[in-house]
Amino acid sequence: MSTSVLPTDSARAATLPPPVINDFCIQVATANGSGSQTSNNVMMRGIFQMGIPVSGKNMFPSNIQGLPTWFTIRASKHGYVGRKKEVDVLVAMNPETAKEDVAKLDAGAVVIYDEPLGLNQQRSDLHFYPVPYDKLVGPVCPEAKLRKLVRNMIYTGVVAWVLSIEMEEIHQALFRQFGAKKKKAAELNWGACQAGYDYAAKTFTKTDPFKVERMNATAGKIIVEGNQAAALGCVFAGVTVIGWYPITPSSSLIEYTIGFLKRFRNDPETGKATYAVVQAEDELAAVGMVLGAGWAGARSMTSSSGPGISLMSEFVGLGYYTEIPGVIFDVQRVGPSTGLPTRTAQGDLMSTALLSHGDKKHPMLIPSSPEECFEMAMAAFDLAERYQTPVFVMLDLDLGMNSWMADPFKYPTKPIDRGKVLSAADLDRLGGFARYKDVDGDGVGYRTLAGTPHSQAAYFTRGSGHNEKAQYSEREEDYVNNMDRLTHKFEHMRGALPAPAVDIRQGAKIGLVAVGTSDYAIGESRDQLRAEHGIETSYLRLKAYPFSDELRKFIADHDRVYVIEQNRDGQLLGLMKLDYTGEEISKLRSIRYYGGLPLDARTVTADLIRQEGK
Amino acid sequence: MSTSVLPTDSARAATLPPPVINDFCIQVATANGSGSQTSNNVMMRGIFQMGIPVSGKNMFPSNIQGLPTWFTIRASKHGYVGRKKEVDVLVAMNPETAKEDVAKLDAGAVVIYDEPLGLNQQRSDLHFYPVPYDKLVGPVCPEAKLRKLVRNMIYTGVVAWVLSIEMEEIHQALFRQFGAKKKKAAELNWGACQAGYDYAAKTFTKTDPFKVERMNATAGKIIVEGNQAAALGCVFAGVTVIGWYPITPSSSLIEYTIGFLKRFRNDPETGKATYAVVQAEDELAAVGMVLGAGWAGARSMTSSSGPGISLMSEFVGLGYYTEIPGVIFDVQRVGPSTGLPTRTAQGDLMSTALLSHGDKKHPMLIPSSPEECFEMAMAAFDLAERYQTPVFVMLDLDLGMNSWMADPFKYPTKPIDRGKVLSAADLDRLGGFARYKDVDGDGVGYRTLAGTPHSQAAYFTRGSGHNEKAQYSEREEDYVNNMDRLTHKFEHMRGALPAPAVDIRQGAKIGLVAVGTSDYAIGESRDQLRAEHGIETSYLRLKAYPFSDELRKFIADHDRVYVIEQNRDGQLLGLMKLDYTGEEISKLRSIRYYGGLPLDARTVTADLIRQEGK
Amino acid sequence: MSTTVTPAPKKVNRIGLEVIQYKGSKTTLCAGCGHNSVSERIVECFYDLGIQPWSVAKFSGIGCSSKSPAYFLGLSHGFNSVHGRMPSVATGAMLANRTLLGLGVTGDGDTASIGLGQFMHLQRRNLPFIYIIENNGVYGLTKGQFSATADIGSKQKTGGVNEAPPFDLCALALQWGATFVARSFSGDKKQLQAILKAAISHKGLAVIDVISPCVTFNDHEGSTKSYTYVRDHEEAMHELDFVPSYEDIAVEIDEGTTREVTMHDGSKLLIKKLAADRYPGTKIEALTTLQEAETAGVVLTGVFYVEPEKDTLMDQLNMVDEPLGTLPESRVRPGQAVLDQVMEELR
Amino acid sequence: MSTTVTPAPKKVNRIGLEVIQYKGSKTTLCAGCGHNSVSERIVECFYDLGIQPWSVAKFSGIGCSSKSPAYFLGLSHGFNSVHGRMPSVATGAMLANRTLLGLGVTGDGDTASIGLGQFMHLQRRNLPFIYIIENNGVYGLTKGQFSATADIGSKQKTGGVNEAPPFDLCALALQWGATFVARSFSGDKKQLQAILKAAISHKGLAVIDVISPCVTFNDHEGSTKSYTYVRDHEEAMHELDFVPSYEDIAVEIDEGTTREVTMHDGSKLLIKKLAADRYPGTKIEALTTLQEAETAGVVLTGVFYVEPEKDTLMDQLNMVDEPLGTLPESRVRPGQAVLDQVMEELR
Ligand SMILES: Cc1ncc(C[n+]2csc(CCOP(=O)(O)OP(=O)(O)O)c2C)c(N)n1
Ligand SMILES: Cc1ncc(C[n+]2csc(CCOP(=O)(O)OP(=O)(O)O)c2C)c(N)n1
Ligand code: SF4
Ligand code: SF4
Ligand SMILES: [Mg+2]
Ligand SMILES: [Mg+2]
């Protein structure tokens, strides 16, 4: 008998706890670079294929190899895919953290561990399943070099047994993961997986309550990372020029984009690229390329994170003032400075909205799901060209780099909006144009592109003062008129940006406001508040800055409005305060979490209850 | 008869208007690079030496030679030294702008102009004094090359005659301006000056009402530019390392500093420098040097303006998070982007307070006079070391580059505060230290300097997550504790920063809040409001961010509080809103001017009256 | 080639445009500033070669030099960007529309101080682009501080002496990928014209370092970038002539003294040696020549290096021939089938 | 020289410290990473030379390489700054305290991409500083993208091929002011030690480009920065020996094969030629050597250039000898009389 089940209380061991089905959290603790990603994905996909909602979150250190890493898979019949603080099933592969990992568990949790670690000595209120990995790996993996990697697949098999994940699904997930080209590697790993399963089946007696059961909640769904979804959005937006510089957690957005571009955007006839991607020397150059390309008519973009966005400050002011389209993704990580580069935050909201010296404001789109990453990536390009200004798309590490369940993306129904660009024919018709004149009342002037074959096409773009005709001007009136038009343009965007997602509950006195990935914790928290405290809440999730007028109404319609966000300084609240009246502001409360992990429902619920004085 | 005095109305010409004494504004319109600066300064100093409060403002273009420039001297018996919109005496030296300049004048103004321009044809309601400069310059300046410059001194003489500025004072001012070394040049110019005066005396009949009369309001005072005053402050603060990059309107701050350092800070024995000044390759490098030097124990500083401050964003976040002292001057000009580089604004308040990505806030000192430039420069170094953080000193072009009357600066009474630095002896005593531990409750840890001869002195500085001992950490608790301590430290500064200047008027329902150079317009506007509208106002001028608690009380004590500032977006108001409650915010109103010229009293008065619905 | 008959026939170029159509707005630089001469040469060359103004895009950073694009080619789009970072802006624009003729004008402060990183990385990419530095050894617009091209020992107007070695922008360009590298002097009309025309015909990155004195802040005694100093110390390596491709003239050259470089577009640059054998040679030869000139205190001008056919960034990226910026939706938005395929893969 | 008698006498250096006192915290880099070898050499050299750890200040940017200062000299202050901008931070710190021995460790991404401008301007200033580039041709920490030192044709792990010419950081350093320029290989223990020791004795800026393979992202076939490739292509120019100044040893050298370079502090670097006459010579010779090696596809290592006595930034600035940062108030705040004088002038 090799499992030690609450060994000090044999009476309780006899009566099994009631089963907990499709509602638990698996955490795999390993070391960075030890190659457990495949095992974890296979495990997650196995559950997913059984129709159970899942999410996968990787908590990794800012190094390449050897430091502690935790991968968490949450299965939730309720469809909760936000972080859950409590770990139900720990797969303890990392000797360095094993003790601490075990110490943190709630009573009743499962520990699957490497037998020699002897973790079962540590506590008596957990379900322990020790696995002799080294013994098991030898027979299935003759090549010693590969054993370190293959070892990981053994725990997938063990977990499958413990949680009743069907091995056919594991098999399918595994072969899919390796792809047609790596069949041999897949076979090898499948062997390890089976060995784990068989060992568990043969050796263990199931004592814990956690298990999966088939559901039908994932049919047709996909699993995708936010960065991948945004990348796809860029490709379908028709991005043509990319300047970028690597930085975690943003690099994969570009790398996915490059992958898609290579597959789908080479000219079918000539095989040549309908795009240009340049790895710039730094973020200043990256955004400089974006502006140059946007100016010359490309759909251009870059992607970065905090430090890179800071470096773009001066250029973004140029983009604002010269009115050049461009899309900038900020996949937010924890600042300030280098901060925690592999942790998540919503910490750049305010500095990005107000990036650069002088008077200026920048629009931001803030997706909270892969679907929105895809859609907003496309929307961002349209908006940038429609409003002739840099548009930010604010993801965060949680959304960008973690694995999310999503509905398949919908093919865009509207054609691309290239904004107000005059052709030579237009110029013939109009007999000229004034670049910065508000002809249509939306604050947006008409522009021409360099290369337009017309003697009246040219104008001069400058970051210094200019009049409607784009001529150099230091005149007070010209400056003020231009700045007022820019304000008007910004205000005009409110109506054109993605509208908030609003869920008004009858009689709710409390409103919640949030953006981005806070959504998952909030959805779950609202259920907790209702179920546990009888508190009904309305919820408005903003998708863009400047804020929609719906937010104003939402505030008016509720007594207290909690602004929930993932930063220390209450940046979303701050941006709201800039826009709102004292009366409106009086209703606002703040819930902030800034520990670097994805926001979880309990944190929201607890803080709200505390503030409600309950 | 060469003056044409309101020629269409000979009846009125007969009765002279009542004299206007010590209360007018002279504007000299020239072209950039034509060398009129000396003439203007001499004129201003002449008036100043007669005991009359003056100020001099240069409105110059962003080029080096040939574009229109206006220098304005305001003489005010009331001591108003802010901008006044109305020009009373125009010295029209620039043919390019003469027509427009004349057109803008109010009726009754004086025009002194180059005879061939024939400006007297243009209007009939002005006092014209034509001067044949080319004829006059020949005899006084045989050397043709120099005539272009010397020509300017002629108008000084003419103006002296028209306004009764005493020629002895002009003489003294002129010789002082040229200094002992340039006596010959002074003689030459003095000749021109006299020629102008003599010509005027001989030719003109005084028809206008403007004149100066001796007063005693400038005794003991100095005339100085804000950048010069700040430079002197840095020198007396004991600045040791400067990294900088030229940019208008900041360059002269550093150039003055270099000048003073060379004179006063070379070691008397060895002649060697007790400072190091490096012209960096850009602003990123400049602020990098500041941080490196601050880290290693220097009193370090840089100075820049909007575009440079934007480029410093990333580094400033590093300074905040690693807690390194450093002083950064931002001599604000009009943004966004290159904007109007030779115009003034308070447009960087918000982006500087919140500079860099992630959560962070930076203290700012905001002087409004040369005296404060001097004092706050010193205070900034103390605060930076006391609180171990980058401190910004926010000037603007108006304060930094224009000429201001001031009281002589007071020698510092307190010794330099080097903050919490542990020596080897301290370490012996303490047996070690934790760099980021809040030992004293002010949020500020103790630091050691590289080179401290002790085996426990070393610690590792990093922009990534760290614990109290400055060790690398990605732990949630470490991160949150550290960030909370930083918040606490920032809050703690409120009490330590320069207190606001408060003028509470009994029974005043209206409060005014402002910073920096808005002060001059506001002082004058309050008099206008009282005299013309019977409105009594209280006034609180903030000198620093984070704001003193006195501001909170001030808001509480008034019904309506107007936040007056020189930018489009209401940035000072915005920063206040971030701090205040809805109830407090309900009282706030906004008066903004962003035309690039120094704020004037009429603009404030008119907007306030409009908002008061009067 | 203009077919419209005008009452008083004006002088036009081969595409029927008058020289005025190549001019820009009135300069606001100081009278006598070297930069104005460069602008004039640009006007002449584009007129002479009959280049369609709207096929050109002008770029600059910040500085007096960087203002100059406003003063030539008023019918071309222009972009006066931020200090030192024009190369990235130009790169983006050229990628968006590779059919443009890209022309950048910048200063030594812009290029060698704040912009050195971008300048160097531009070299590596061999962007098809003409990059002109109007090099006066100082920051003109901010009133005369030293730039990083100021020579050791050179004196500031206010008396300061430069102690740090200057960056030789030709040497940097040479070593790191520019395929056309030349130095000239704003006062040398003929040479600058020939170099400019050859640069216009060049396929890749052409870097032209033009010594262009600042009359206001760096034209005094003790300066090594003053008109006097440069006139006294200039040594032209060779005599240059440019024969455009459309001029179907058989040029007879003396092989002993003159070499012919055929540019990518078929134009010819004729290089007649003056003293030692100073034709453009290998990179290392050119570098050595530059080093020797520096040691000798000579301002060596001429074409140091030409490599007419090297792959450009666009070649490396294997881009389609048309401007990316105006490709129709059908070519930049993949169809429904592609999305379906990706969704299937993610299921 | 340690006078304390300990029960079990441990091995100490000339200032009585054990080697452990030169170590840092445990590395978090990958097992086998070249950077770890460099850290080990640093520990050894500072121990061997008996340098007081607290007289040293360590600097870095961001990257795997830039993490390494945490892994050596734990008793020295360290500063891990921002990506690519370490040179300015180090400059500031060295100005604040010129008595420090400044040591920077950075990567090729840090130095040649985002940091190229600062790197180049550092050269111009000849800051007394040791600048080590742990050069692996890729961005290790962001998972293997090419850096600007990747050779043309070099293959990425994921298949991409580099098309842009690499910056040769030794060539750049050489040309723009560094007074000690060397290249080594993290796998060449003896050579790296000698070079490091000589750099420590050097008065001005010492730039050491260490090829330091990234086992995780750039150690595969097709990489030109892999252990295998460098081992196969390395050519040491000479054999190096270092004799510290305090070792009062009469060194006998064969003038025909060995040259001696006396460093500023009196130490001696002995350079024994191996093949052709490859001693450090003039800059232009060194540049030529580098170019030839590149053309030949050889990874040439050794000391390319030494100029032991050139003025440093501190000399140029004519600074007092003491650390500026800790000058007493009496020396940095002028007296009342000075203020009075200035006030008088402004009256
Ligand atoms: C980020 C930034 N820093 C500083 C400046 C101020 N500035 C304007 S022009 C200039 C130097 C220009 O020198 P150079 O490129 O040599 O041009 P020149 O005026 O000599 O032709 C500087 C430092 C700026 N505009 N932007
Ligand atoms: C401003 C900024 N941009 C991007 C990054 C992300 N980043 C971290 S390390 C690195 C590259 C490091 O490469 P290298 O200097 O060669 O070091 P290596 O890891 O190869 O040793 C990058 C791009 C960053 N930290 N800061
Ligand atoms: S200041 Fe110098 S560079 Fe600028 S326009 Fe005048 S002469 Fe030219
Ligand atoms: S990723 Fe490469 S550079 Fe980074 S630690 Fe690992 S081997 Fe070294
Ligand atoms: Mg210049
Ligand atoms: Mg590297």
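Residue numbers (the numbering used here), protein chains in the order written: chain P, 313 to 926; chain F, 313 to 926; chain U, -10 to 336; chain E, -10 to 336.
Backbone N, C-alpha and C define an ideal beta-carbon position, used for all residues, glycine too.
Cβ of residue i less than 7 Å from any chain E Cβ?
i	result
Met252 (chain U)	no
Arg774 (chain F)	yes
Name the residue from the options whose alpha carbon lies nearest to the alpha carbon of residue i.
i	options	result
Ser190 (chain U)	U:Gly98, U:Val94 and U:Glu296	U:Glu296
Val403 (chain F)	F:Tyr445, F:Ile376 and F:Leu695	F:Tyr445
DSSP on residue i, reduced to helix/strand/coil?
i	result
His66 (chain E)	strand
Arg698 (chain F)	helix
Gly358 (chain F)	helix
Ala275 (chain U)	helix
Gln783 (chain P)	coil
Lys457 (chain F)	helix
Glu635 (chain P)	coil
Gln134 (chain E)	strand
Lys749 (chain P)	coil
Glu567 (chain F)	helix
Which residues in chain C sit within 7 Å of residue i, going by Cβ to Cβ distance?
i	result
Leu544 (chain P)	In the displayed structure, chain C is absent; the protein chains listed are P, F, U and E.
Quick one: list the residues of chain F neighbouring residue i, beta-carbon separation under 9 Å, in chain order.
i	result
Pro561 (chain P)	Residues of chain F passing the Cβ test: none, with the nearest at roughly 13 Å.
Using 7 Å as the limit for Cβ to Cβ distance, is residue i near chain P?
i	result
Arg880 (chain F)	yes
Establish whether the CB of residue i and some CB of chain U are separated by less than 7 Å.
i	result
Glu593 (chain F)	yes
Thr552 (chain P)	yes
Pro154 (chain E)	yes
Quick check: is any heavy atom of ligand 4 less than 6 Å from the C-beta of residue i?
i	result
Leu379 (chain P)	no
Is the beta carbon of residue i within less than 6 Å of some heavy atom of ligand 5?
i	result
Asn115 (chain E)	no
Since residue i meets chain E, which of its residues come closer than 9 Å, beta carbon to beta carbon?
i	result
Asn375 (chain P)	Thr17, Leu18, Cys19, Cys53, Lys56 and Leu130
Using a C-beta to C-beta distance shorter than 8 Å, which residues of chain P count as neighbours of residue i?
i	result
Arg759 (chain F)	Within 8 Å Cβ-Cβ: nothing; Arg759 (chain F) doesn't reach chain P, min ~17 Å.
Using a Cβ cut-off of 9 Å, pull out every chain U residue sitting near residue i, in sequence order please.
i	result
Gly106 (chain E)	Gly73, Ser102, Ile103, Gly104, Leu105, Gly106, Gln107, Phe108 and Met109
Compute every distance between the C-beta of residue i and the non-hydrogen atoms of ligand 6, then say whether any falls below 6 Å.
i	result
Gly503 (chain P)	no
Could you name the residues of chain E that residue i contacts, counting a contact when the two beta carbons are closer than 7 Å?
i	result
Gln339 (chain U)	This structure cannot settle anything about residue 339 (chain U), because the visible part of chain U is limited to -10 through 336.
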